[in-house]
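Participant: Quick one: structure below, then a few questions.
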């Protein structure tokens, strides 16, 4: 049988939506003594067997991933039939029920006891916490293990997110702009748990990289020496992942993936990075040759269109980058990068955001946003008070070397 993870357009996501196939088996799992740690920085819900992909994803050894693109791997109409094995503890049953009710309350997903459905989920008490990705074609029921130490609502939510189609956030193709992986600290045999997927394999549903996601692995996951194996570029103090429940972005992606009506959230990229915002919609107070406004796209690197990043002709107060969204939007967050080249590096260290409905009268946010600390790391800022308008300006207040910027805006219409 096969645990599939689909591409966003088609269908399955995670903190990223993948276009792959994850083989799935129901062999007995790891050491029954393995249990989640109470240390929030550690690997809190995965067992110690290297044959589980990314720690809690069932696979079959030797089977390579294949690209898939079929709606069949989503649960039709968001309905997930299930059964609970008799071996489950009362505590596990309670955690499963709470997690299912929580997911139902936040989305259009619904769980129902199986009657005669061909494909369904079978909750078992295995050795650890693990699941398949998306709906599989297993007529015996695809396994979700809630074993000893896994009987917590947040942990079950994590496994249910796998079941409905989500991978780990830190598998995103752009993850290296947000986190650092320390290979020397990873336990031998577990290196593949930190692999990332290519842009051809993944679609991020337009969501920002979410370090607060229930699908992000913690800082000391699979550590060989107690040191961090994965760390935010913003600093070792930044907590990665949590087990309290679905984050705002988790909820948004779940509702987007299953097309849940009006509950799709407001943290979707407006399309500067991907090109939905055209070159003509990007303007600036001034710019240097080869650093025109159309280069102010998040993750853009030097190429035939220029050197990557907008840079003001003169680095002084009052310079700005202006984005025409084409229609009125609500903006909830901003992500920025600086500029890097063979000869220099530059970035904006702090900035303000302005909005306008007509491009003439501007209202400035009272919030001064933290900018970047190097040229390539992404700094993500959620706005305390969302801004609404057709036009948005990024106005640098402080910079390193010169004013240079790459950006993405997040929000909704």
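Residue numbers (mature numbering (1 follows the signal peptide of the UniProt record, and there is no 0)): -19 to -1, 1 to 394. The beta-carbon is built from N, C-alpha and C at its ideal position, and this holds for glycine as well.
1. Tell me whether the beta-carbon of residue 233 lies closer than 9 angstroms to the beta-carbon of residue 293.
2. I'd like to confirm something about residue 157: is its beta-carbon nearer than 8 angstroms to some heavy atom of the ligand HEM, or not?
3. Roughly how many angstroms separate the alpha carbons of residue 117 and residue 64, rounded to a whole number?
4. At the level of alpha carbons, what is the spacing between residue 82 and residue 166?
5. Under a three-way DSSP split, which group does residue 140 fall into?
6. Would you mind reading off the limits of the alpha helix (DSSP H) that contains residue 81?
7. Can you tell me which of the three DSSP states residue 64 falls into?
8. Compare the Cα-Cα distances from residue 95 to each of 60, 337, 89 and report the closest residue.
9. Let me see if you follow: with CB-CB separation under 9 angstroms, is residue 186 close to chain B or not?
10. Under 9 angstroms, do residue 223 and residue 195 count as touching if we go by C-beta distance?
11. For residue 13, collect the residues of the same chain with a Cβ closer than 6 angstroms to its Cβ; drop the 5 residues on either side in sequence, then sort them by chain order.
12. Per DSSP, residue 305 is paired with what?
13. Just to confirm, are residue 290 and residue 387 a CB contact at a threshold of 9 angstroms?
14. Given a threshold of 16 other Cβ atoms within 10 Å of its Cβ, counted over all protein chains shown, does residue 261 qualify as buried or as exposed?
15. When burial is assigned at 16 or more other CB atoms within 10 Å of the CB, is residue 134 buried or exposed?
16. From residue 197 to residue 58, what does the alpha carbon distance come to, in whole angstroms?
17. If you compare alpha carbons, which of 372, 145, 325 is closest to residue 90?
18. Let me check one thing: in DSSP terms, what residues is residue 111 bridge-paired to?
19. Per DSSP, residue 388 forms a beta bridge with which residues?
20. Is residue 392 closer than 9 angstroms to residue 249 when the C-beta atoms are compared?
21. Can you give me the C-alpha to C-alpha distance between residue 271 and residue 192, rounded to a whole angstrom?
22. Enumerate in chain order the residues of its own chain whose CB-to-CB distance from residue 281 is below 8 angstroms, with the five nearest sequence positions on each side excluded.
23. How many angstroms separate the CA atom of residue 72 from the CA atom of residue 125?
24. Residue 320 and residue 326 look like a contact to me (Cβ under 8 angstroms); what is the Cβ gap, rounded to whole Å?
25. Per DSSP, residue 405 is paired with what?
26. So who's on the other strand from residue 263, going by DSSP bridges?
27. Between the region 371 to 378 and the region 294 to 308, are three or more C-beta pairs nearer than 8 angstroms?
28. Leaving out five residues before and five after residue 154 in sequence, what residues of the same chain have Cβ atoms less than 7 angstroms from its Cβ?
29. What's the gap between the Cα of residue 357 and the Cα of residue 278?
30. Near residue 230, what residues of its chain come up, given a Cβ to Cβ distance below 8 angstroms and the 5 sequence neighbours on each side ignored?
31. What residue does the beta strand (DSSP E) around residue 230 start on, and which one ends it?
32. So, under 8 angstroms CB-CB, residue 139 and residue 114 are touching, yes? Tell me the CB distance rounded to an integer number of Å.
33. For my contact list, residue 360 and residue 313 are in at a C-beta cut-off of 8 angstroms; report their separation, rounded to the angstrom.
34. Mind checking whether residue 345 and residue 315 have CB atoms under 9 angstroms apart?
35. Helix, strand or coil: which one does DSSP assign to residue 17?
36. DSSP puts residue 337 in a beta bridge; with which residues?
Facilitator: Taking the structure as given:
1. Their beta carbons are not under 9 angstroms apart, which means residue 233 does not touch residue 293 by this criterion.
2. No copy of the ligand HEM occurs in the structure displayed, which carries no ligand at all.
3. Residue 117 and residue 64 have their alpha carbons spaced roughly 15 angstroms apart.
4. The C-alpha of residue 166 is placed about 38 angstroms away from the C-alpha of residue 82.
5. In the structure shown, residue 140 sits in a helix (DSSP, three-state: H, G or I).
6. Residues 71 to 87.
7. strand
8. Cα-wise, what sits closest to residue 95 is 60.
9. The structure shown contains no chain B; it is built from a single protein chain.
10. yes
11. Only weak support exists for where residue 13 lies, its pLDDT of 29 falling under 50; the coordinates are left without a value.
12. 372.
13. A Cβ-Cβ contact shorter than 9 angstroms links residue 290 with residue 387.
14. exposed
15. Answer is buried; the Cβ neighbour count reaches 16.
16. 27 angstroms
17. Closest option to residue 90, Cα to Cα, is 145.
18. Looking at the DSSP assignment, residue 111 forms a beta bridge with 126.
19. 278, 317
20. yes
21. 34 angstroms
22. 254, 289, 290, 387
23. 15 angstroms
24. 7 angstroms
25. Because the chain here runs from -19 to 394, residue 405 falls outside it and cannot be looked at.
26. 304
27. yes
28. 177, 178, 179, 180, 183
29. 12 angstroms
30. Correct list, in chain order: -5, 188, 189, 191, 193, 194, 246, 248.
31. Careful: residue 230 lies outside any beta strand (DSSP E), inside the alpha helix (DSSP H) at 229 to 238.
32. The pair is not a contact, with the Cβ atoms about 12 angstroms apart (cut-off 8 angstroms).
33. Actually they do not touch by this definition, with Cβ atoms about 16 angstroms apart.
34. Not in contact: residue 345 and residue 315 (Cβ atoms no closer than 9 angstroms).
35. Residue placement at residue 17 is poorly supported in this model, since its pLDDT is 37, which falls under 50; the coordinates are not used for a value here.
36. 372
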